[in-house]
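Enquirer: If you're matching positions, the sequence shown starts at 1289 in my numbering and goes up one per residue. Each residue gets a CB set at the ideal place from its N, CA and C atoms; glycine is no exception.
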Amino acid sequence: MADVCKKTKRTYDVGPDTELPDLTGGRVTTVAVSDVAELQATYVDTNDLALAAAEISLRSRTEGPDPGWQLALPADEDTEVEIRRAGRGVRVPVALTRLLTAVTTGSALSARVVMSTTRTSRHLSGADGTVVANVHDDLVTATEPEGTPVQLRQVEVEVVDGESELLDEIHQALTTAGMQRSSWASKLQRALRDVDPAGQRLDPEPALSKETAGSTLHRYLVGQRRALTRADLAVRTMSASVHDVRVAARRLRAALTVYRRLLDADRARHLQGELQWIGRELSDLRDAEVAGEALFAALEDEPDLGADDSARGLVQRELTATEGRA
1289 MADVCKKTKR TYDVGPDTEL PDLTGGRVTT VAVSDVAELQ ATYVDTNDLA LAAAEISLRS
1349 RTEGPDPGWQ LALPADEDTE VEIRRAGRGV RVPVALTRLL TAVTTGSALS ARVVMSTTRT
1409 SRHLSGADGT VVANVHDDLV TATEPEGTPV QLRQVEVEVV DGESELLDEI HQALTTAGMQ
1469 RSSWASKLQR ALRDVDPAGQ RLDPEPALSK ETAGSTLHRY LVGQRRALTR ADLAVRTMSA
1529 SVHDVRVAAR RLRAALTVYR RLLDADRARH LQGELQWIGR ELSDLRDAEV AGEALFAALE
1589 DEPDLGADDS ARGLVQRELT ATEGRA
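In structure tokens, the structure reads:
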């Protein structure tokens, strides 16, 4: 059984000798420093680092709190969805592999980097003593298979209730002290940059030096491909509607049709067929979603019908069954 949670956080790149500033002020009245924790995790990815390129992290934590598999998916600028699943060893649970189908396209997942982290945490509390944020100061040693270890330091700020205003307050204190928000989406991306400074492996798309119709189309197609991938992940984690998948697929199909003369015609035609298949496969599920929304709205408008939770339960069970068949 997997646990799913959302985390609202920001990460900062920090020099080895940089000291954290005083974080009291505003809603933060006290700061408590916890004991140092030792963490170790193995990050897995495809040979071409498809997960890292998509800003996704999949790791098996073997030392420290929350052992087991952890999958971190981007949600928005400051939020990620984390899926945790029990299990040890290097074999990725089948359920997590299936979630990532649109990203890996069936490619094998294997160990890419082992990270050993020495973590010092600060717990920020409000006037009533409730912890409102945690600030983790991480000294990380990252090692690729048969590679040379590299060290990096990052500070991660996570607010407990997803309060963006509090995140902004802490951000102001850290940047005033000279810290810079990391431009990397994850520790894995940062570590791969350090062991491969050219960063070629995280930039699978060819660089386009000239502004042409082809380069403009290329950027659009790359953007819609990423939108399709993220929408697929959101649907598989039950955090979004299939409507987003169908919209991204429709936009890709339209671009391939209108600008086919700029593309390889046979490949474009093949992709159009695949995208059309996606739309057909999801049409019944989308119809069920719309019908479900209408039924739930009707139950809200009719107190006599909505008074019995069995009616809501019936609608939800039918929707769940339809999702399972899809």
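With L1388 and V1316 assumed to form a contact (beta carbons below 8 Å), what rounded beta-carbon distance in angstroms separates them?
Expert: Going by Cβ atoms, the distance from L1388 to V1316 rounds to 37 Å, so no, they are not a contact pair.
Enquirer: By Cβ distance, which residues of its chain are closer than 7 Å to K1475, with the 5 residues on each side in sequence left out?
Expert: The answer, listed in chain order, is M1403, V1428 and Q1442.
Enquirer: Distance, Cα to Cα, S1452 vs T1296?
Expert: Straight-line Cα distance between these residues: approximately 8 Å.
Enquirer: What's the gap between the Cα of S1571 and the Cα of A1421?
Expert: Straight-line Cα distance between these residues: approximately 42 Å.
Enquirer: Taking buried to mean at least 16 other C-beta atoms within 10 Å of its own C-beta, is H1558 buried or exposed?
Expert: H1558 is exposed by the Cβ-count criterion.
Enquirer: Buried or exposed for V1391, please, with buried defined as at least 16 other CB atoms from any protein chain shown within 10 angstroms of its CB.
Expert: Buried.
Enquirer: If A1415 sits next to L1311, beta carbons under 8 Å apart, how far is it from one beta carbon to the other, in whole angstroms?
Expert: Wrong, their Cβ atoms sit about 15 Å apart, outside the cutoff.
Enquirer: Whose CA, out of P1304, E1444, E1343 and V1380, lies closest to the CA of L1480?
Expert: When each option's Cα is compared against that of L1480, the closest is E1343.
Enquirer: Can you tell me where the beta strand (DSSP E) with E1453 in it begins and where it stops?
Expert: Looking at the DSSP string, E1453 is not in any beta strand (DSSP E); the run it does join, the alpha helix (DSSP H), is S1452 to T1464.
Enquirer: Compute the beta-carbon to beta-carbon distance between D1544 and A1556, rounded to the nearest angstrom, for a pair I have assumed lies under 8 Å.
Expert: Note that residue 1544 corresponds to Leu in the displayed sequence, not to Asp. Indeed they touch by this definition, with Cβ atoms about 5 Å apart.
Enquirer: Determine, using beta carbons only, whether G1356 and R1373 come nearer to each other than 8 Å.
Expert: The answer is yes: Cβ separation under 8 Å.
Enquirer: Alpha carbon to alpha carbon, how far is P1353 from V1510?
Expert: Answer to the nearest angstrom: the Cα atoms are 37 Å apart.
Enquirer: Grab me the residues of Q1439's own chain with a C-beta within less than 6 Å of its C-beta, minus the 5 sequence neighbours each way, in chain order.
Expert: Excluding sequence neighbours, Q1439 sits near T1429.
Enquirer: Name the two residues that bound the continuous alpha helix (DSSP H) containing V1546.
Expert: Residues V1530 to V1546.
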